[in-house]
Amino acid sequence: MGNLRAFLICPGRSVATLDALPAEIPDNGFVWLAFERAAFSADIGELQTWLDRHTGIPLLDLHISDLLNVQLRSHFDFTSSYDMLIIRRLVDGVAPLAGATGAQAARGASKGEASAPAAVRRVQTTPIGFVVFDQVLISVHTEGCGVLGAYIERLKQLAEVPPGRATAAYAGGPMTVARLPDTPAELMLRIVSLMVDGYLDLRKTMTRQLDHWQQRLLRPSVRFNDWEGLLKSRQALHHLYDICDDQRNALYRWIDVLEDQPVPNEPADQHERDQLLVRSRDVLEHIERVSQHVQQLERSAETAVQIHFNIQSNRTNDVMRTLTAITAVFLPLNLIAGIFGMNFEHIPGVRSAGGFWWALLTMGGIAIALFIYLARKQYLSKSEDD
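Position one of the sequence shown corresponds to residue 531 (my numbering), numbered consecutively onward.
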């Protein structure tokens, strides 16, 4: 089977890389089959035969369609024999959305994708599907999935570290107890947790971008002209919130199914169930953190835009108030000048030797008096807080 990465995991002992579907599954281990989506579609017949032989039940046709659908939202479904979880992850780099043709991607780039902020271009997702049996985990992903590659390297590291020793999941990450996953469900949750961590990193990038825009929006002396980028960022935030909402609903359904299962009698089985519940709640808490932070960013962006327009409105009011004050000062002066400019034959004071100076002094006095009056009424001062 081409483009298949298969692993035989023996909890607490070893991880073995397989070249093909294993003939047998040991009782003390489980198999992880990581398919690229094209390979999964091509080899589904062979996989169904293998599942029927080792698990007693093949995949349902509808679930196969869901695993091949690149537009599917995050969701959870289950049967009496297996569970299926589909989670959308961030696309590696700034590649076009999965499922878009080359022409569509080129048109998108030519119409502004290339000029969009890096944080906006990163909010592109593709689904990863997981099918969890008792001793088999099947994952279906896009070609060159970075998350799967990273966790495969992590598995190899865990196999080399003595059980119980503290180690970091990645460089600079928090210290955790080194331990291979005990079940396919736990392995799935670890991969999902790594996917969600990508959203945590993305929110930091978007926070820095929006903080930069907010500072520019709140500076009256700076002309803000990147409205297209701001609009795309707000749309990306809304899209990211929808993604988190779908992920949260899928995890809630998964947890509900776990909690509805009868409590095992054996202490080891109880411990395994508790491990799954705790890890599921941890992943859910990470998703909710991203969702809450996205909501805060949306509110902050909306508030900054409103404050920006309030500032512009206040500047316009200041300009109009100044122009009104100037008009009020010059209106009586224009009236006096207009009276003496009438073409009547006899106008008092026109032929007087000091008439010009008396008119000039009168106009100056009126202007000074109006200026003092308007200044005392604070019509000429800038709007500032007391």
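Quick reminder that beta carbons are idealized off the backbone N, C-alpha and C, glycines included.
Sub-8 angstroms separation of residue i and residue j beta-carbons
i              : j             : result
glutamate 818  : threonine 713 : no
valine 820     : cysteine 774  : yes
valine 561     : valine 661    : no
alanine 598    : proline 588   : Per the sequence shown, the amino acid found at residue 598 is leucine instead of alanine. Taking 8 angstroms as the Cβ cut-off, leucine 598 and proline 588 do not qualify as a contacting pair.
isoleucine 658 : valine 670    : yes
alanine 569    : leucine 620   : no
arginine 618   : threonine 655 : yes
serine 723     : histidine 823 : no
serine 830     : leucine 740   : yes
Reduced DSSP category for residue i - H, G, I as helix; E, B as strand; rest coil
i                 : result
alanine 572       : helix
aspartate 786     : helix
phenylalanine 663 : coil
isoleucine 817    : helix
arginine 684      : helix
glycine 632       : The predicted position of glycine 632 is uncertain, since its pLDDT is 39 and thus under 50; a value taken from the coordinates is nonetheless stated next. Here glycine 632 sits in helix by DSSP.
arginine 709      : coil
alanine 639       : The predicted position of alanine 639 is uncertain, since its pLDDT is 40 and thus under 50; no value can be drawn from it.
methionine 893    : helix
serine 723        : helix
valine 561        : strand
histidine 768     : helix
phenylalanine 901 : helix
valine 653        : coil
tyrosine 700      : Any reading at tyrosine 700 must be qualified, since the residue scores a pLDDT of 49, below 50, and its modelled position is unreliable; the value itself is stated next. Here tyrosine 700 sits in coil by DSSP.
histidine 671     : strand
leucine 678       : helix
methionine 718    : helix
aspartate 776     : helix
alanine 644       : Its pLDDT being 42, under 50, alanine 644 is placed unreliably in this model, and the coordinates cannot settle the point.
Rounded Cβ spacing between residue i and residue j (contact assumed at less than 8 angstroms)
i           : j           : result
leucine 767 : leucine 827 : 6 angstroms
leucine 904 : alanine 855 : 5 angstroms
glycine 559 : leucine 577 : Their Cβ separation, rounded to whole angstroms, is 19 angstroms, which puts glycine 559 and leucine 577 out of contact at 8 angstroms.
alanine 550 : alanine 536 : 7 angstroms
alanine 897 : leucine 853 : With 8 angstroms as the limit, alanine 897 and leucine 853 do not qualify as a contact, their Cβ atoms being about 16 angstroms apart.
Inter-residue spacing [alpha-carbon to alpha-carbon] between residue i and residue j
i                 : j                 : result
threonine 631     : glutamine 765     : Note that threonine 631 has pLDDT 37, beneath the 50 cutoff, so the model's placement of it is unreliable and no number is given.
serine 645        : serine 763        : Note that serine 645 scores 46 on pLDDT, short of 50, meaning its location in the model is unreliable; the coordinates nonetheless yield the value given after this. C-alpha separation (whole angstroms): 12 angstroms.
aspartate 573     : leucine 602       : 21 angstroms
tryptophan 743    : aspartate 776     : 29 angstroms
valine 793        : glutamine 800     : 7 angstroms
leucine 806       : glutamate 716     : 6 angstroms
phenylalanine 608 : serine 810        : 16 angstroms
isoleucine 785    : methionine 718    : 13 angstroms
lysine 907        : phenylalanine 901 : 10 angstroms
arginine 738      : isoleucine 837    : 19 angstroms
leucine 548       : threonine 833     : 55 angstroms
glycine 868       : phenylalanine 839 : 41 angstroms
lysine 686        : valine 677        : 14 angstroms
tyrosine 612      : proline 750       : 60 angstroms
methionine 893    : aspartate 848     : 26 angstroms
asparagine 873    : serine 882        : 17 angstroms
glycine 584       : glutamate 758     : Position check: residue 584 holds histidine in this sequence, whereas glycine was assumed. Their Cα atoms are separated by approximately 55 angstroms.
Neighbourhood of residue i by C-beta distance below 8 angstroms, restricted to the same chain and skipping five residues each side
i              : result
methionine 850 : none
methionine 614 : His593, Asp596, Leu597, Phe606, Asp607, Phe608, Gly659, Phe660, Val661, Val662
proline 711    : Ile539, Pro541, Leu717, Arg720
glycine 679    : none
Own chain partners of residue i with C-beta closer than 7 angstroms, once the 5 adjacent residues on each side are dropped
i             : result
histidine 769 : Val653
serine 544    : Ala689
alanine 889   : Ile866, Phe870
Beta-carbon contacts of residue i that lie in its chain and below 6 angstroms, excluding the five residues immediately before and after
i              : result
isoleucine 668 : Leu563, Val661
alanine 546    : Leu538
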